[in-house]
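Report on the structure given below.
Number of protein chains: 2
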Amino acid sequence: MSVAPKRPKGPPLNAMRAFEAAARHISFVAAAEELNVTAGAISQHIKTLESWAGMPLFRRNAQGVELTQAGQSLISDFSTAFDALAEATRALRNLRPNADFHIAALPSIAQLWLPKRLGKIRARFPQINFSVTAMETPPSLSRELFDLSIFFTVEDASTNQICICRDEITPVCAPSLRERTRGGDDFAGMTLLHDQSWARDWSLWSKGAGVALGNSETGPRFSLYSLAVEEAKAGAGALIGHLCLLEDALETGALVTMHHMVCETGMSLAVQLPPASRRRPETDEVVTLLKG
Amino acid sequence: MSVAPKRPKGPPLNAMRAFEAAARHISFVAAAEELNVTAGAISQHIKTLESWAGMPLFRRNAQGVELTQAGQSLISDFSTAFDALAEATRALRNLRPNADFHIAALPSIAQLWLPKRLGKIRARFPQINFSVTAMETPPSLSRELFDLSIFFTVEDASTNQICICRDEITPVCAPSLRERTRGGDDFAGMTLLHDQSWARDWSLWSKGAGVALGNSETGPRFSLYSLAVEEAKAGAGALIGHLCLLEDALETGALVTMHHMVCETGMSLAVQLPPASRRRPETDEVVTLLKG
DNA sequence: TTTCTTGCCGTAGAAAAACTAAGGCTACAA
DNA sequence: TTGTAGCCTTAGTTTTTCTACGGCAAGAAA
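Chains as they are written, first to last, in this note's numbering: chain C, -16 to 275; chain U, -16 to 275.
Quick look at the structure:
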């Protein structure tokens, strides 16, 4: 007879969210990072959903996943739904008058560029808690609860993006080291300091400036740019300076430029905002203070 | 410095779902029923959400809840979001070729009216599992995973509603009891059987037919109409018969009508369908078989 | 070839969330 | 006054969810 006693249950919401994130990134690890869990958790969620649906949604390859036909067909419905849910979440959060203001930024920006501006912003909005989350890749502002993000990106015409300054690079070092190469092009004997995630910087500048380097690959690597900056200040060698990140150090003389050639990387330090409908009321003023 | 290490977390999804349901029904109990949990669970979810938001969303009165200003302002965003999510869920479920087909129906309809039709439907779609869930109030077909519902409702012009027949009532009893009142209006000495949720039936008919009843309130009450029907068959007394539910019993002679007056209740036995975009492909044919 | 790296899987145990059950309170109606 | 309807709270249990860690396969690098 099969008169079921219970209402038919939908799949677990968290599993759906995991699927949506994984489908958007086409990667379990990326989804895991976005949701602040381990990849194993995502894997389990997806499996739950697949068993609920009765068919696989991802094809697992050794070097990554891809969506199956079935998975493909769901992505737009799910994205729409979770967009709407993010909107609702934002509405919920914005009920609170002085909710925390969340900023996402590249670690180097968070450490070297932001503090000075943040001071002014805090002074302007003393009742609001500003919190800064450092991360390597920009979060989706339509999904996550960040009120703005600051990263190096290529400029686009979007009105949600406010460009602060071009990313310009040139070698810098401690004053005590400068004399050796003053005016000349002799980097051969110099220790070159590298940032892990900006490994191409030295060769980029070398090419742009037309200056030959002994070997642009060798030298200590740092996982955080600010560590490399500290080493450079201590006289450990030459560093490719991103000028906008070194305002303070150059101003105080803790670091000095080593060459007159300055190259653009093609990126810009830019503020990214959520869609207009979802912004916090303080946003515009905060942006103004960031620019100033 | 307040450099937060973790990404800002949204509120728990289940709490949001609970809020949405509670806000839609303006009742924790109704929400609990829809979500198949206890009211206590809803209460906690709402509390979680309120503490996340930092302000109350419901005002608790002794005889029910009402939304606060803040709660009011959220309802449309949340409804939109969960509508979209329901859509996505449906898409997910419809991936499976022969997924179960879920029917919601009033208990009396499920027991007395549906079985005969369901037999034909099962014969037509042998590979599909049809399951029937009995409930007192129609589910929201845009939220829950039912493929159609069958209830007594007032007719409306909606294309999602297919009217099967008018609800007509007249007293019935076992043949052995009929002689006493044959042709006459003497219900005074008769035991009147009542259905709990159709308590007004006897007085409705009495008024419509112009027949005085000794006391239309007294007599055994049954929580399920089909129990009352069984009692009536056994000769326990007179029952207000809903003709469309008694086709079988009248045909086989297990019950007979007691009076020539038949009243309409103003309701109709009607099939309700989900929005067109979300229907199962089998739906139209199933409806045809239900009508036939 | 061998070794490294990346990204997913699986499992076991731990942590957190969600749920139920039961008792209580308030307001309204009979 | 009693009954009923609704919601609340708390405690304890069940279920879900997550982490940690070892494994495996494929491509890249040595």
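For each residue, glycine too, the CB sits at the ideal point set by N, CA and C.
Values in this document were obtained by computation on a predicted structure and should not be read as measured data.
### Query
Which partner residues does C153 (chain U) have in the DSSP bridge list?
Along the second sequence, one-based indexing puts residue 153 (chain U) at 170. Here the sequence assigns Thr to residue 153 (chain U), which means Cys is not the residue at that position. According to DSSP, T153 (chain U) bridges with U:G224.
### Message
Quick check: what's the CA-CA separation for A221 (chain C) versus T21 (chain C)?
### Response
If you number the first sequence from 1, residue 221 (chain C) lands on position 238. If you number the first sequence from 1, residue 21 (chain C) lands on position 38. So the two alpha carbons sit approximately 38 Å from each other.
### Query
Looking only at DSSP bridge pairs, what is I9 (chain C) linked to?
By one-based count along the first sequence, residue 9 (chain C) stands at place 26. BP columns for I9 (chain C) are empty, so no partner.
### Task
Please name the residue, chosen from U:S206, U:Q110 and U:L32, that lies closest to K(-8) (chain U) on a Cα-to-Cα basis.
Working through the second sequence from its first residue, we reach residue -8 (chain U) at position 9. Of the listed residues, the one whose Cα sits closest to K(-8) (chain U) is U:L32.
### Message
Between N(-3) (chain U) and the ligand ATP, is there a pair consisting of the residue's CB and a ligand heavy atom that are separated by less than 7 Å?
### Response
Absence of the ligand ATP from the depicted structure is noted, as is the absence of any ligand whatsoever, leaving it without description.
### Query
By Cβ distance, which residues of its chain are closer than 8 Å to F129 (chain C), with the 5 residues on each side in sequence left out?
What you label residue 129 (chain C) is simply residue 146 of the first sequence in a count that begins at 1. Taken in chain order, the residues that qualify are H85, I86, A87, T116, P122 and P257.
### Message
Please classify C156 (chain C) as buried or exposed, where buried requires at least 16 neighbouring CB atoms within 10 angstroms.
### Response
Mapped onto the first sequence, residue 156 (chain C) falls at position 173. It is buried - the Cβ of C156 (chain C) has at least 16 other Cβ atoms within 10 Å.
### Query
If the cut is a Cβ gap below 9 Å, which residues of chain C does P(-6) (chain U) touch?
Position 11 of the second sequence, counted from the first residue, corresponds to residue -6 (chain U). Per Cβ cutoff of 9 Å: T72, L75 and R76.
### Task
Measure from the C-beta of L89 (chain C) to each C-beta in chain U and report whether the shortest distance is under 8 Å.
Numbered from 1 along the first sequence, position 106 holds the residue referred to as residue 89 (chain C). Cβ-Cβ to chain U under 8 Å: no for L89 (chain C).
### Message
How far does the beta strand (DSSP E) with H85 (chain U) in it extend, from its first residue to its last?
### Response
Against the second sequence, residue 85 (chain U) aligns to sequence position 102. F84 to A88 is the extent of the beta strand (DSSP E) around H85 (chain U).
### Residues that F108 (chain C) bridges to, as DSSP identifies them
Sequence index remark: in the first sequence, residue 108 (chain C) carries index 125 (1-based). Answer is none; F108 (chain C) lacks a bridge partner.
### Message
Using C-beta distances below 8 Å, list every residue in its chain close to R42 (chain C), excluding the 5 sequence neighbours before and after it, in chain order.
### Response
For the purposes of this step, residue 42 (chain C) is identified with residue 59 of the first sequence, where counting begins at 1. Only V48, E49, L50 and T51 meet the Cβ criterion.
### Task
Identify the continuous beta strand (DSSP E) that holds R42 (chain C) and give its terminal residues.
Position 59 of the first sequence, counting from 1, holds the residue named residue 42 (chain C). Looking at the DSSP string, the run of the beta strand (DSSP E) that includes R42 (chain C) is F41 to N44.
### Query
Near W35 (chain U), what residues of its chain come up, given a Cβ to Cβ distance below 6 Å and the 5 sequence neighbours on each side ignored?
Reading the second sequence from its first residue, position 52 is the one you call residue 35 (chain U). P(-6).
### Message
Spatial neighbours of E247 (chain C) within its chain, please: C-beta separation below 6 Å, excluding the five flanking residues on both sides.
### Response
Here residue 247 (chain C) refers to the residue found at position 264 when the first sequence is read from its first residue. Here the set comprises R149 and E151.
### Query
Is it right to say S(-15) (chain U) is buried, meaning 16 or more other beta carbons lie within 10 angstroms of its own, or is it exposed?
Position 2 of the second sequence, counted from the start, is the residue given in the question as residue -15 (chain U). Unreliable positioning characterises S(-15) (chain U) in this predicted model, as indicated by a pLDDT of 43, which lies under 50. A coordinate reading is not provided.
### Query
Between which two residues does the beta strand (DSSP E) carrying G249 (chain U) extend?
Here residue 249 (chain U) corresponds to residue number 266 of the second sequence, with the count starting at 1. From DSSP, the beta strand (DSSP E) with G249 (chain U) extends over C246 to Q255.
#### Entry: Nearest neighbour of R0 (chain U), chosen from U:G218, U:D231 and U:R126 [CA to CA]
Reading the second sequence from its first residue, position 17 is the one you call residue 0 (chain U). The shortest Cα separation from R0 (chain U) among U:G218, U:D231 and U:R126 belongs to U:R126.
### Task
In angstroms with no decimal places, state the Cα-to-Cα distance between A69 (chain U) and E3 (chain U).
If you number the second sequence from 1, residue 69 (chain U) lands on position 86. If you number the second sequence from 1, residue 3 (chain U) lands on position 20. Distance between the alpha carbons of A69 (chain U) and E3 (chain U) is about 13 Å.
### Query
Rounded to a whole number of angstroms, what is the C-alpha to C-alpha distance between P154 (chain U) and F108 (chain U)?
For the purposes of this step, residue 154 (chain U) is identified with residue 171 of the second sequence, where counting begins at 1. For the purposes of this step, residue 108 (chain U) is identified with residue 125 of the second sequence, where counting begins at 1. Cα to Cα, P154 (chain U) sits roughly 37 Å from F108 (chain U).
### Query
With S251 (chain U) and C146 (chain U) assumed to form a contact (beta carbons below 8 Å), what rounded beta-carbon distance in angstroms separates them?
The residue you call residue 251 (chain U) lines up with position 268 of the second sequence. The residue you call residue 146 (chain U) lines up with position 163 of the second sequence. So it is a contact: roughly 5 Å between Cβ atoms.
### Query
So which residues of chain U does E127 (chain C) contact, with C-beta pairs closer than 9 Å?
Taking the first residue of the first sequence as 1, we reach residue 127 (chain C) at position 144. Here the neighbours are R(-10), P(-9) and G(-7).
### Query
Given T136 (chain U), which residues of its chain have a CB within under 8 Å of its CB, disregarding the five upstream and five downstream residues?
Counting from 1 along the second sequence, the entry for residue 136 (chain U) is found at position 153. So the list reads P121, Q144, M250, S251, A253 and Q255, once near-sequence residues are dropped.
### Task
Examine chain U for any beta-carbon lying closer than 8 Å to the beta-carbon of G102 (chain C), and answer yes or no.
Residue 102 (chain C) sits at position 119 when you count from the first residue of the first sequence. Cβ-Cβ to chain U under 8 Å: no for G102 (chain C).
### Query
By DSSP, does G47 (chain C) sit in helix, in strand, or in coil?
Here residue 47 (chain C) corresponds to residue number 64 of the first sequence, with the count starting at 1. DSSP places G47 (chain C) in strand when its eight states are reduced to three.
### Query
Residues of chain C with a CB under 7 Å from the CB of L267 (chain U): which are they?
For the purposes of this step, residue 267 (chain U) is taken as residue 284 along the second sequence, with counting starting at 1. For the record, residue 267 (chain U) in the displayed sequence is Asp; it is not Leu. Per Cβ cutoff of 7 Å: no residues; D267 (chain U) is ~21 Å from chain C at best.
### Message
Between F84 (chain C) and chain U, is the shortest Cβ-Cβ distance under 8 Å, so that the two count as touching?
### Response
Counting from one through the first sequence, the residue named residue 84 (chain C) turns up at place 101. No, F84 (chain C) lies away from the interface with chain U (no Cβ there is under 8 Å from its Cβ).
### Query
Quick one, which residues of the segment 30 to 64 of chain C are near chain U if we go by CB-CB under 8 Å, in chain order?
L32, W35, A36, G37, M38, A53, S56, L57, D60, F61, T63 and A64
### Alpha carbon of A215 (chain C) to alpha carbon of Y208 (chain C), nearest angstrom
Locating residue 215 (chain C) in the first sequence gives position 232, counting from the first residue. Locating residue 208 (chain C) in the first sequence gives position 225, counting from the first residue. Roughly 11 Å separates the two Cα atoms.
### Message
Whole angstroms are fine: how far does the CA of N77 (chain U) sit from the CA of G224 (chain U)?
### Response
Indexing the second sequence from 1 puts residue 224 (chain U) at position 241. Indexing the second sequence from 1 puts residue 77 (chain U) at position 94. Cα to Cα, G224 (chain U) sits roughly 39 Å from N77 (chain U).
### Query
Using a Cβ-Cβ cut-off of 8 Å (strictly less than) and excluding sequence neighbours within five positions of S91 (chain C), which residues of its own chain qualify?
As a working note, residue 91 (chain C) is residue 108 in the first sequence. Here the set comprises D178, L207, Y208, S209, H225 and L228.
### Query
Buried or exposed: where does E16 (chain C) fall if 16 or more other Cβ atoms within 10 Å of its Cβ makes it buried?
As a working note, residue 16 (chain C) is residue 33 in the first sequence. Classification for E16 (chain C): buried.
### Task
Could you tell me whether any Cβ in chain U is nearer than 8 Å to the Cβ of T21 (chain C)?
On the first sequence, residue 21 (chain C) is found 38 positions in, with the first residue counted as 1. Closer than 8 Å: no.
### Minimum C-alpha distance to K30 (chain C) - residue among C:A5, C:F134 and C:S59
As a working note, residue 30 (chain C) is residue 47 in the first sequence. If we check each option's Cα against that of K30 (chain C), C:A5 comes out closest.
### Message
Classify D139 (chain U): buried if its beta carbon has 16 or more other beta carbons within 10 angstroms, exposed otherwise.
### Response
Taking the first residue of the second sequence as 1, we reach residue 139 (chain U) at position 156. Classification for D139 (chain U): exposed.
### Task
Verify the CB distance criterion: does A(-2) (chain C) have a CB-CB separation below 8 Å to chain U?
Position 15 of the first sequence, counting from 1, holds the residue named residue -2 (chain C). Cβ-Cβ to chain U under 8 Å: no for A(-2) (chain C).
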